[in-house]
Amino acid sequence: MIKSDFLLSVIVPAFDEEENISFFLKRALPVLKKYDYELIFVDDGSSDKTAEKIKAYAKKNARIKLIRFSRNFGHQMALTAGYRHAKGDAVITIDADLQDPPELIEDMVSKWQKGYEVVYAKRRTREESLFKRLTAFLFYRFINLLSDVPIPTDVGDYRLLDRKVVDVLNRLPEHSRFLRGLTSWVGFKQAFVYFDRNKRQYGQTHYPLSKMISFAVEGLTSFSTKPLTYITYLGLLTSMIGFLGIIYALYRRLFLPPEYYITGWTAIFVAVLFIGGVQMIMLGIMGEYLGRIYREVQNRPHFVIKEKINI
Ligand code: UDP
Ligand code: MG
Numbered sequence: 688m689i690k691s692d693f694l695l696s697v698i699v700p701a702f703d704e705e706e707n708i709s710f711f712l713k714r715a716l717p718v719l720k721k722y723d724y725e726l727i728f729v730d731d732g733s734s735d736k737t738a739e740k741i742k743a744y745a746k747k748n749a750r751i752k753l754i755r756f757s758r759n760f761g762h763q764m765a766l767t768a769g770y771r772h773a774k775g776d777a778v779i780t781i782d783a784d785l786q787d788p789p790e791l792i793e794d795m796v797s798k799w800q801k802g803y804e805v806v807y808a809k810r811r812t813r814e815e816s817l818f819k820r821l822t823a824f825l826f827y828r829f830i831n832l833l834s835d836v837p838i839p840t841d842v843g844d845y846r847l848l849d850r851k852v853v854d855v856l857n858r859l860p861e862h863s864r865f866l867r868g869l870t871s872w873v874g875f876k877q878a879f880v881y882f883d884r885n886k887r888q889y890g891q892t893h894y895p896l897s898k899m900i901s902f903a904v905e906g907l908t909s910f911s912t913k914p915l916t917y918i919t920y921l922g923l924l925t926s927m928i929g930f931l932g933i934i935y936a937l938y939r940r941l942f943l944p945p946e947y948y949i950t951g952w953t954a955i956f957v958a959v960l961f962i963g964g965v966q967m968i969m970l971g972i973m974g975e976y977l978g979r980i981y982r983e984v985q986n987r988p989h990f991v992i993k994e995k996i997n998i
């Protein structure tokens, strides 16, 4: 069999994916066999038999490798761990649930061979719930409105990175790892391949609404300080309105007869609630950035590994 003259690393984050592992391998291995490859599973603290399943395959095939986290550290950290351990000249990240078709790897590799250093797999269509499609649509548009670097729309974490790019990512010390933004931030020559996103093979999504919201906030605060600027503008605007209100109130108090200034409850009530609400939001936004600084200063390791196999 003719093998490639380069090493291809494929990183698969897996969190409670026991039913998907063998299906994934059944589809991925025929593609990977064309290359000199390593397949790195990162078990993100699964509580089911994900790790046992992978270990059984790893015993028979030394190219299948496993990193196990001591608990669930999240998808982006699983990818980060994969990037740290990948040895390949080209490194692909792909989901374990077969929503990212492994057959696309060939297209990605040939783009890479043409000289592109970042190849994104872009979703043409999505076979998912209306809610997921709508929130994803809004997420990508909104984040690009605010972000300082353009973040490609409808692109998930299915992508190929050249060795050079992986080395740059591995040197970035930050703890908030919004990899979709970081891979755009690093620059280099970027290209797209297109695919239709299928439904999950088995199991449920691990991104419920609450996780989606914190993911979106993470993405925003990682790549933009515009919210901080906007709250300053909003503060200016509300204090201007407040100032006009003060002049108006004083005018009524000083120059009009008493029956004019006993009324005015509504105005006070509305003003207090409005200013209070605006201030709360502003504090919240500042708090988000403060929290990020706090996490960076703590400087804890990004993840904890409890076991490595074939690595
Ligand atoms: N995943 C992970 N850790 C998590 C959540 C998800 O490693 O905390 C993995 C999961 O096993 C899958 C990939 O990340 O391989 C994408 O997750 P999922 O399919 O749940 O997200 P969706 O495709 O619904 O956005
Ligand atoms: Mg999925």
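For the sequence shown, counting from 1, position 308 maps to 995 in my numbering; every step adds exactly one. Here a beta-carbon is modelled for each residue, glycine too, at the ideal position from N, C-alpha and C. Note that the coordinates shown come from a computational prediction; the quantities given were computed from them, not determined experimentally.
- Look at the beta carbons and you see the region 805-817 touching the region 875-895: at least three pairs across the two are nearer than 8 Å.
- Leaving aside the five residues that flank residue 921 on each side, none in its chain has a CB nearer than 6 Å to its CB.
- For residue 727, the closest of 833, 953, 708 and 734 by C-alpha to C-alpha distance is 708.
- Scanning 697, 993, 956 and 743 for the CA closest to the CA of residue 853 turns up 697.
- Pairing residue 839 with residue 877 gives a Cβ-Cβ distance under 9 Å.
- DSSP places residue 780 within a strand segment (E or B) once states are collapsed to three.
- Contact between the region 729-742 and the region 762-771 is established, with three or more Cβ pairs separated by less than 8 Å.
- Looking from the CA of residue 844, the closest CA among 928, 991 and 699 belongs to 699.
- Proximity annotation: the ligand MG has residues 782, 784, 786, 887 and 892 in chain order, each selected because its CB is closer than 7 Å to a heavy atom of the ligand.
- The region 742-749 and the region 794-807 do not touch, with fewer than 3 CB-CB distances between them shorter than 8 Å.
- In terms of Cβ geometry, residue 754 and residue 995 form a close pair [threshold 9 Å].
- Around residue 744, the same chain offers 712 and 751 as residues with beta carbons nearer than 7 Å, after the five sequence neighbours per side are excluded.
- DSSP places residue 907 in the uninterrupted alpha helix (DSSP H) bounded by 896-910.
- Proximity of the beta carbon of residue 807 to the ligand UDP is not indicated: no heavy atom of the ligand is located closer than 8 Å.
- Here residue 717 is exposed. Its C-beta has fewer than 16 other C-beta atoms within 10 Å.
- Check the Cα spacing between residue 871 and each of 975, 834 and 905: the tightest is with 834.
- 879 is the residue among 879, 959 and 739 whose C-alpha sits nearest the C-alpha of residue 795.
- Closest in C-alpha terms to residue 894, from the list 736, 761 and 725, comes 761.
- Note on geometry: alpha-carbon atoms of residue 789 and residue 914 lie some 38 Å from one another.
- Contact check for residue 891 against residue 710 fails: the beta carbons are separated by 9 Å or more.
- Between residue 772 and the set 983, 695 and 987, the nearest pair of CA atoms involves 695.
- Under the 10 Å beta carbon count, residue 866 is surrounded by 16 or more other beta carbons and is classified as buried.
- A Cβ-Cβ contact shorter than 9 Å links residue 777 with residue 693.
- In the three-state reduction of the DSSP assignment, residue 774 falls in the coil class, being assigned neither a helical nor a strand state.
- Secondary structure note for residue 892: it is in no alpha helix (DSSP H), with a DSSP letter that is neither H nor E.
- Between residue 991 and residue 917, the alpha-carbon positions lie close to 38 Å from each other.
- Between the ligand UDP and the CB of residue 704, the shortest heavy atom gap is smaller than 8 Å.
- Contact between residue 775 and residue 725 holds: CB atoms are separated by about 6 Å, below the 8 Å threshold.
- In terms of CA proximity to residue 983, 909 leads the group 909, 926, 969 and 691.
- Looking at the backbone, the Cα of residue 899 and that of residue 906 are separated by about 10 Å.
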